[in-house]
Structures are given as C-alpha cells and as structure tokens.
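Encoded structure:
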C-alpha cells in the first residue's frame, strides 16, 4: 500500500547539491531541473518569511547534506487526508492522501533528515545557492511514517489556526490595520511548508511526503546535548563586583538550567492553550538557540517533532506534563551534579527513583539527595531563598500532571538562583 496523492502526482525530488547529488543519483537533479517557481508565478522575497503553513513544491528546495535517519516503531496507520490552505491567496483548499488502503501491520516509521535551502521562493530572479542551510527537511519515506506526517501537519494547523493571534483589521475606508500572525512568535520550531515528491535516490519507489521547518539559530542544538556540552572558560571581569559574582563559577549554568526549565513549560503551555498534545516529549524534542552557559540570559527554547501529536485530552495533558517534568529533572541533575551527567542522572534512573522509590513524595526525594554530596548544587538550586521546599514540590507537582503547564510556568517564573 503505497502513499498516493489526491489531485497531484508526486513530482521530482528536491534538487540535490554537489557531491551529494552524485551519491543520490536523482533523475533530473540538474540541467533543466531549475529550482525556481513555475507557472504559479509565486513571487515572494528571497528570504524565508513564514506567514502560514503552505503547500510547496520539491523544486522550491535544495538539499545540502544528509543529517541522518530516524526510525519509530508504530502499531498501525490508516488512510487519512490532509487539508491545508493553498493557492495565491491562501484560501484554496488542497489535500493529499498520506497512506494507502487501510490498516498496516506493526513496523518502523522511517524519516530522513536533510539540511537544505529555499531556492524557489524568489523575486523574479534565480536565487544563488550557498552551503549555509536555512531549512530542515524531513522526508517520510514509507507508509508507516505517513501517519507521523499527518499528525505533524495537523498539529501545526491547529497551532497556527487561532484567529485571535492576528490583529489584522480594516477601517471603513479600506485601510488595513494591525499585524498578521507570525508563527515564530510561538515557542515551537516554525513549520513553513509541506509537499510530496519522489524519494531521494530512488525515483522508481513510491512517493515521499516532506515537511519543511526553519533552521534554528542554534542549528541542530537540542536540550538533550546541553548537560554534556563542554563549556568555554569564562573570563571573569574584575569590576563591577556584582557582575563578577553573578558570572563566576556555576552562576551562568544555574541560570541556564532555570531558563531552560521555564522554556520547556512555556512551550507546553503554548501548545496546550491551542488544544494540542505533543505525545512524545523528551529532551531531544526541544531546540535551543545556544548551548553556551555564557548566553544563558539569551536562551530561547522551542518545541519540535509533532509526529505523535493529537487533540488535547486530560489524559494527554497529564502525559505531556509527566514527560516534561522528567526532561527538567534530567536537565537539573545532569547539569548540576558535581560529577556531571551519568547513568544515575539519566531520565530512566530518575524516573525509577521518583516514581518507584520516592512514590513522588518530595520529602523523600529531598532527604535522599541531601545525603549525597554529588548533588549539593542541585539542592541549593531547589532550596535557594528558603522556599520551604517549593522547588522539590514544584517538580513533583509537574510530574503528577495535576497542575497545568501554565501553573507550573508561573511558579518557575518566581524561581531565583543565587546568581541572578
């Protein structure tokens, strides 16, 4: 049961660059295969300025390099139809069937990731390509993966579909006022386009589905990579003394952890407010603009990977909150443990401790970690300014999922470190 399209047949794959093209052996990857807008005469600035999730063409993108392949075990998928705004004015409905005829057996959903460039959204002239990526492309290469494409696009439609996000209006004499909704204003990685094409390197196979997201300021930086990231030695300033104390030692690291925790729950609160559950939250699902302690005050956290997203329910909300609490716990203990990240600070080990040993009792957790000198900075972080144990209670409340992400975020906003 191959993937099919409704209303349009899969076109050629995105253009492939240089040495990569020789390995991919794409048909039509050069010569007359010009990566510019076709008869649609789409003329937009030659920079990526996302205003909505839109239908694109494979020829609008150039693949620079392969980033890797990801596989997920899935139980089943069924035929679904995606509908999103297309056309020049964004009002023409369009659709694509993302899988074949009915349920499939258990299998692996395979996605390939590419760094790429937008080359087909131009101002009338062919844009010049270079090796600096501005988009991340996901290729969903088999029928099992099509359900993930469906969930991701459907989730972004819900995230981008709130009319209250736009302040556009019109006066009695026809003047337009206000501002259009900017997807980048949400704490999620912006998804800007979706298309179908032939598979890269295998033009005889069934077509692939693709999603295109903006290349973040931090590139491929993920929250999962932060605890083990080697940090540059900070050159302390002699004056003023307050600045010296604030930026010395563990100061920037404590602020990074605190700001990252806020960013995690800020993202969860934003999608839950739009009735979207993520369904697969872990540390690799959060994109960062930096991994450097010295830029802690400029940290930006965005949520990504909506392939398992669904409509928010009380059970899904609790699942997201539990997963987010585990992410924050691993971040906190791995980043601030004196011996650094280890097996005992992993998500698996901490989940076993908090759920099976402490039974989500913050007092038991506190007593346990107080006795271990490896976690002195963790205890100081959670108990600074004599918050009567609220740091521990905050973590456990999030873990239970009884509080909303917005409630947890409000409490995190009040969290201070000794180095603020």
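Numbering (this note's numbering), first residue to last: 6 to 425. Where is the CB? At the ideal position from N, CA and C, for every residue including glycine. No experiment lies behind these values; they were computed from the predicted model shown.
Of 173, 400, 344, 314, the smallest CA-CA separation from residue 155 is found for 314. A Cβ-Cβ distance of about 6 Å is found for the pair residue 271 and residue 414, placing them in contact under the 8 Å criterion.
As a beta-bridge residue in DSSP terms, residue 196 pairs with 218.
Taking all protein chains in view, the Cβ of residue 114 is crowded by 16 or more other Cβ atoms within 10 Å, so the residue is classified as buried. DSSP, reduced to helix, strand and coil, places residue 234 outside both helices and strands of the structure shown, so it counts as coil. For the pair residue 232 and residue 340, the CB atoms are nearer than the 8 Å cut-off. The segment 408-422 makes contact with the segment 255-273, as at least three CB pairs between them are under 8 Å.
Membership of residue 278 in the alpha helix (DSSP H) is indicated by the continuous run 256-278. Assigned with DSSP and collapsed to three states, residue 368 falls in helix. In the DSSP secondary-structure assignment, residue 73 is bridged to 118. When 321, 124, 148, 229 are compared, the shortest CA-CA separation from residue 139 is found for 124.
When rounded, the separation of the alpha-carbon atoms in residue 216 and residue 175 is 33 Å. Under the DSSP assignment, residue 144 falls in the beta strand (DSSP E) whose first and last residues are 140-145. Beyond the five residues adjoining it in sequence on each side, residue 236 comes within less than 6 Å, by CB distance, of 298 in the same chain, given in chain order.
Between the alpha carbons of residue 226 and residue 198 lies a gap of roughly 22 Å. If only uninterrupted beta strand (DSSP E) runs of at least 3 residues are considered, those enclosed by the segment 276-314 are 291-293, 306-308.
Distance from the CA of residue 260 to the CA of residue 355, rounded to the nearest whole angstrom, comes to 22 Å. In this structure, the straight-line span from the alpha carbon of residue 200 to that of residue 137 is close to 22 Å. Residue 117 sits close to residue 71, with the two beta carbons spaced by under 8 Å. As a beta-bridge residue in DSSP terms, residue 113 pairs with 78. With respect to residue 317, residue 290 sits apart: the two C-beta atoms are not nearer than 8 Å. Within a 10 Å sphere around the beta-carbon of residue 167 sit fewer than 16 other beta-carbons, which makes this residue exposed. Proximity to residue 64 across 180, 285, 383, 126 peaks at 126, based on C-alpha coordinates. Residue 163 is not bridged by DSSP to any residue.
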